[in-house]
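Novice: Numbering (the numbering used here), first residue to last: 12 to 219.
Just so you know, even glycine gets a beta-carbon here, dropped at the ideal spot from N, CA and C.
Please read these numbers as outputs of a predicted model, since none were measured by experiment.
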Ligand code: DC
C-alpha cells in the first residue's frame, strides 16, 4: 500500500504522514528532507542554490547529513525550495523516493509531488492544506516555543514566498493530483486533523 501526502509548507502534512505510517505499520519518508539536504550541502560547498550545476553537485550529500538538526531551520527550508526548482535535482532524487515508495509492504511519503510524479500509482492520495495565516501562526508558535525571536508577519511573508515558488515552478509544481482527497486543516488542531485524515483514508481504502 502506498499513501501519498502532499501539501504546502506548515500544513501539518509531515506529522499526519508520520502518524499514518505508525497507524498502518509502514515506513514513512519525509521527502522535503532530501531537498533540504541538497540546499544545505550547496551552502556547505559555498555554492549558489539558484545555479543548477551547483545544486546537482550537492545531490551526492552524505546520508549522515539527513540527521543534522540544521536541516530543520527556516533558512534551510528556503534553500530547499530554491534548489527544488531545478529539473536535474528533481531527477537526481527521483529513484531514491520511487524505490522507497515501491518497497515490499508499502510506504507513506510526504512532499509536494508524491501523488503526481513519485507515486502516481498510490492507493490513497491526500492533499493537506490550510490558510496561509493558519500555517504562519502554527509555524510562529512552534518557532517562538523553541526560543526563536521572530515576528508573525515575517513568518507569514516567508511562507507566502515559499508557496509561490513551489506552486509556480515549471517542473513538478505543488498541486493536488486530480483524484487526491483535499483536506483543509485551517480550523483543526493536530488531533482533529489526524482523525479527519484517518477517516478519509479508511473510507478510501474501504477499511472500517
Ligand atoms: O516539506 P519541506 O518544507 O521540508 O520542503 C522544503 C522544500 O523542498 C519545499 O519548499 C519544496 C521542496 N520539495 C519539493 O520540491 N518536492 C518535495 N517532494 C518535497 C519538498
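Note the first and the last residue of the continuous alpha helix (DSSP H) segment covering residue 45.
Specialist: Residue 45 -> alpha helix (DSSP H) spans 43 to 55.
Novice: Using a Cβ-Cβ cut-off of 7 angstroms (strictly less than) and excluding sequence neighbours within five positions of residue 98, which residues of its own chain qualify?
Specialist: Excluding residues within five positions, the ones whose Cβ falls inside 7 angstroms are 182.
Novice: Using 8 angstroms as the threshold, is the C-beta distance between residue 53 and residue 103 below it?
Specialist: No, the pair does not count as a contact, with Cβ atoms beyond the cut-off.
Novice: Quick one: any contact between the stretch 134 to 149 and the stretch 34 to 45, if contact means 3 or more CB pairs under 8 angstroms?
Specialist: Result no; under three Cβ-Cβ pairs closer than 8 angstroms.
Novice: Measuring straight from C-alpha to C-alpha, what distance separates residue 91 and residue 154?
Specialist: One C-alpha to the other measures close to 19 angstroms.
Novice: Since residue 20 and residue 88 are thought to touch, with beta carbons under 8 angstroms apart, how far apart are those beta carbons, to the nearest angstrom?
Specialist: With 8 angstroms as the limit, residue 20 and residue 88 qualify as a contact, their Cβ atoms being about 7 angstroms apart.
Novice: Between which two residues does the beta strand (DSSP E) containing residue 139 stretch?
Specialist: Segment 135 to 140, the beta strand (DSSP E) holding residue 139.
Novice: Within its chain, find whatever has a CB closer than 8 angstroms to the CB of residue 107; leave out the 5 residues flanking it on each side and keep chain order.
Specialist: Around residue 107: 45.
Novice: So residue 65 is in the alpha helix (DSSP H); what residue range does that whole segment cover?
Specialist: Element bounds for residue 65: 63 to 68.
Novice: Using only the heavy atoms of the ligand DC, determine whether one of them is closer than 7 angstroms to the beta carbon of residue 95.
Specialist: Yes, Cβ of residue 95 sits closer than 7 angstroms to a heavy atom of the ligand DC.
Novice: Return the bridge partner residues of residue 15 from the DSSP annotation.
Specialist: Answer is 120 and 136.
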